[in-house]
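Visitor: Residue numbers (the UniProt record's numbering): 1 to 318. Backbone N, C-alpha and C define an ideal beta-carbon position, used for all residues, glycine too. For clarity, every value in this text was computed on a predicted model and none was experimentally measured.
1. Using alpha carbons as the reference points, say which of 49, 81, 34 and 188 lies closest to residue 61.
2. Assign residue 73 to one of three DSSP states: helix, strand, or coil.
3. Using CA coordinates, which residue listed in 55, 293 and 160 is at the minimum distance from residue 251?
4. Using 8 Å for Cβ pairs, my map puts residue 130 next to residue 164. What's the rounded Cβ distance?
5. Expressed to the nearest angstrom, what Euclidean distance is found between the alpha-carbon atoms of residue 116 and residue 43?
6. Helix, strand or coil for residue 220, going by three-state DSSP, please let me know.
7. Taking only beta-carbon positions, decide if residue 25 is within less than 9 Å of chain C.
8. Residues in the same chain with beta-carbon distance under 7 Å from residue 306, minus the five sequence neighbours each way, listed in chain order, please.
9. With burial defined as no fewer than 16 other Cβ atoms inside 10 Å of the residue's Cβ, what is the status of residue 207: buried or exposed?
10. Would you be able to state if there are at least three C-beta pairs under 8 Å between the segment 261 to 268 and the segment 35 to 53?
11. Report, in whole angstroms, the separation of the C-beta atoms of residue 258 and residue 295, which I expect to be a contact under 8 Å.
12. Helix, strand or coil for residue 194 per DSSP?
13. Just to confirm the assignment: which complete alpha helix (DSSP H) runs, minimum length 4, are found wholly within the segment 199 to 271?
14. With residue 90 as the anchor, note down where its beta strand (DSSP E) starts and where it stops.
15. Can you tell me the Cβ-Cβ gap for residue 35 and residue 14, rounded? I've got them flagged as a contact below 8 Å.
16. What residues in its chain sit with their C-beta under 8 Å from that of residue 10, if we drop five residues either side in the sequence?
17. Counting only runs that start and end within the segment 5 to 85, where is the alpha helix (DSSP H) found for 4 or more residues in a row?
18. Which residue or residues does DSSP assign as beta-bridge partners of residue 153?
19. Tell me which same chain residues have a C-beta within less than 6 Å of the C-beta of residue 148, skipping the five on either side of it?
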């Protein structure tokens with residue numbers, strides 16, 4: 001997979017309805033500071049009545065993006081994905097629109113049964129895939145294990161940048177809405193996220209965290225982001241630009257973790273103590289590699305006892 005399409009480069013993935021008229025500015029003119037990836041949504045964020053308008057708007061946008069890419073390249077753009085409503089719409093997009101400036105598709109309601117359909121549509125394109133796990137099957141660990149095993153040996157494996165966890169749809173399956181006072185991890189989604197990490201991350205798939213729809217409650221957002229990082233999730237869906245900075249800050253690596261990761265990857269000792277904790281390279285090496293990959297993109301947050309937290313930014317070229 002292209003280095004540009006590393007899962008660590010997703011960061012805060014902002015969903016924007018395809019009916020919006022300012023998407024080109026967000027992509028071409030850095031209208032939204034810090035934006036690393038965005039999804040142009042044709043599914044839940046667009047009403048049935050607005051689908052024709054959304055498709056017309058998207059076609060104009062894609063033409064504008066293709067022209068700009070041909071003129072200046074797209075290395076400085078955020079990653080751009082489209083979320084079609086269903087497979088039929090995905091096929092319509094690929095056959096009828098210029099997707100040369102798009103990095104991939106977000107595949108809604110993805111299941112083992114829909115895999116052959118989506119792969120037939122995407123196989124001959126350059127597009128990568130971000131399947132969204134958001135249906136009833138996701139609560140069943142046996143079905144998720146079967147999906148993970150199948151994907152791991154499927155031709156599409158190299159095209160999957162990450163799997164997205166669809167929190168709101170999954171809560172809807174169990175007739176719930178997230179509480180205003182607790183994180184998603186305090187709901188049935190706590191089990192689901194843990195299970196998906198165990199099943200998919202153990203097979204080298206990356207997972208992104210569900211959206212936190214409490215736009216103004218940054219305390220809940222901070223708590224949830226800390227848990228996202230503790231579960232090894234590589235990014236988080238955002239629904240408002242004011243969430244981007246919070247997500248970016250959470251993705252920064254602590255100085256303690258960075259120092260441990262370097263020692264683990266460079267040590268010749270089987271076990272050693274570092275900063276009050278045991279480090280065992282044989283079992284911590286994969287963790288350490290992920291920490292350094294994260295730090296390369298998001299930088300290091302160095303704590304200072306008297307001055308709060310000083311942020312050491314990542315290389316701006318990353």
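Guide: Considering the structure as presented:
1. 81
2. coil
3. 293
4. 5 Å
5. 21 Å
6. helix
7. Absent from the structure: chain C. Only one protein chain is present.
8. At residue 306 the pLDDT is 45, less than 50, meaning the model places this residue with poor confidence; the figure from the coordinates comes in the next sentence. None.
9. buried
10. no
11. 5 Å
12. helix
13. 218 to 230, 244 to 251 and 255 to 266
14. Where residue 90 is concerned, there is no enclosing beta strand (DSSP E), although the alpha helix (DSSP H) it sits in stretches over 87 to 96.
15. 6 Å
16. 36, 37, 79, 161, 162, 208, 234 and 235
17. 23 to 28 and 51 to 72
18. Looking at the DSSP assignment, residue 153 forms no beta bridge with any residue, so it has no partner.
19. 199, 200 and 203
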